[in-house]
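Enquirer:
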Amino acid sequence: MDISFHGIPIAQTMFNLLIYLYLIDRYRIELFVEIGVMNGGLANVIIHRCRLPTWRNLHYLGVQLIEDEVMPQVKKLVAETAANHGNVSIHYGDAFKQPTISLITGRMNAAGRTLVLCDGGDKPQELNLYLPHLKPDDLIIAHDYGPNEEWDRVEADILDRHDCVLLEPELIKPAGNLAFIKRRSNDG
Ligand SMILES: C[S@@+](CC[C@H](N)C(=O)[O-])C[C@H]1O[C@@H](n2cnc3c(N)ncnc32)[C@H](O)[C@@H]1O
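In numbering that gives the first Met the number 0, the protein residues as written are 0 to 187.
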């Protein structure tokens, strides 16, 4: 079922939308990075959270290849929120190229607990590129996960090579996401 918020289509299921909001709250996320903003439907929901007095610690960074895909009302919301609260922005660029990589990783380093949502053109590659930049306790999610051999390989390879564990797989995998949390050095 297609969903929209304030008339802006969201390329997510209702369940996924709830999962992202739940994760932001449960893990006290301070920076939400969305790779692949498209119309800006999800951005619109998250940015409205960033404007609430109780969620002011939450920052949003969207990264989008093709600027024209982002709806004008979302651009307006970003500009207004940035001017009044300073905690949101959309960067137009390629998540696989410089200077976008440095911008994202710089923000991840400087921020408190970060959640990176990989929802651009190649989610496994986005996972592989940004996962090494997570700080302990940061989260990363790849959207459009399906239980198949390709994703099984991606998952096994990441668990083998990186110091992270699956994040709430019983909740997150059935919704079509693969998510990891970076371990703290003293975790077993
Ligand atoms: C599935 S849509 C994103 C949907 C959006 N996250 C939502 O929830 O409504 C994927 C978007 O990623 C963008 N994209 C593709 N490759 C990209 C790249 N290398 N860097 C940044 N954005 C990219 C596409 O232009 C497209 O708008």
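For glycine and all other residues, C-beta sits at the position ideal for the given N, C-alpha and C. None of the values given here were measured: they were computed from a predicted structure.
What residues in its chain sit with their C-beta under 6 Å from that of A174, if we drop five residues either side in the sequence?
Expert: Cβ neighbours of A174 beyond the five flanking positions: F14, N15 and I18.
Enquirer: In chain order, which continuous runs of the alpha helix (DSSP H) of length 4 or greater are located wholly inside the segment 79-122?
Expert: Qualifying alpha helix (DSSP H) stretches, in chain order: 99-109.
Enquirer: Can you tell me where the beta strand (DSSP E) with P8 in it begins and where it stops?
Expert: It spans I7 to I9 - the beta strand (DSSP E) in which P8 sits, taken as one unbroken run.
Enquirer: Locate the beta strand (DSSP E) running through H132, then write down its first and last residues.
Expert: No beta strand (DSSP E) holds H132; DSSP gives it neither H nor E.
Enquirer: Below 6 Å CB to CB, which residues in the same chain sit around N206 once its five sequence neighbours on both sides are set aside?
Expert: Examination of residue 206 is not possible in this model, given that the chain is present from 0 through 187 alone.
Enquirer: Using DSSP with H/G/I as helix, E/B as strand and the rest coil, what is I45?
Expert: Helix at I45.
Enquirer: Determine the contact status of M107 and T99, defining contact as a CB-CB distance below 8 Å.
Expert: No, they are not a contact pair.
Enquirer: Whole angstroms is fine: what's the gap from L196's alpha carbon to K75's?
Expert: Examination of residue 196 is not possible in this model, given that the chain is present from 0 through 187 alone.
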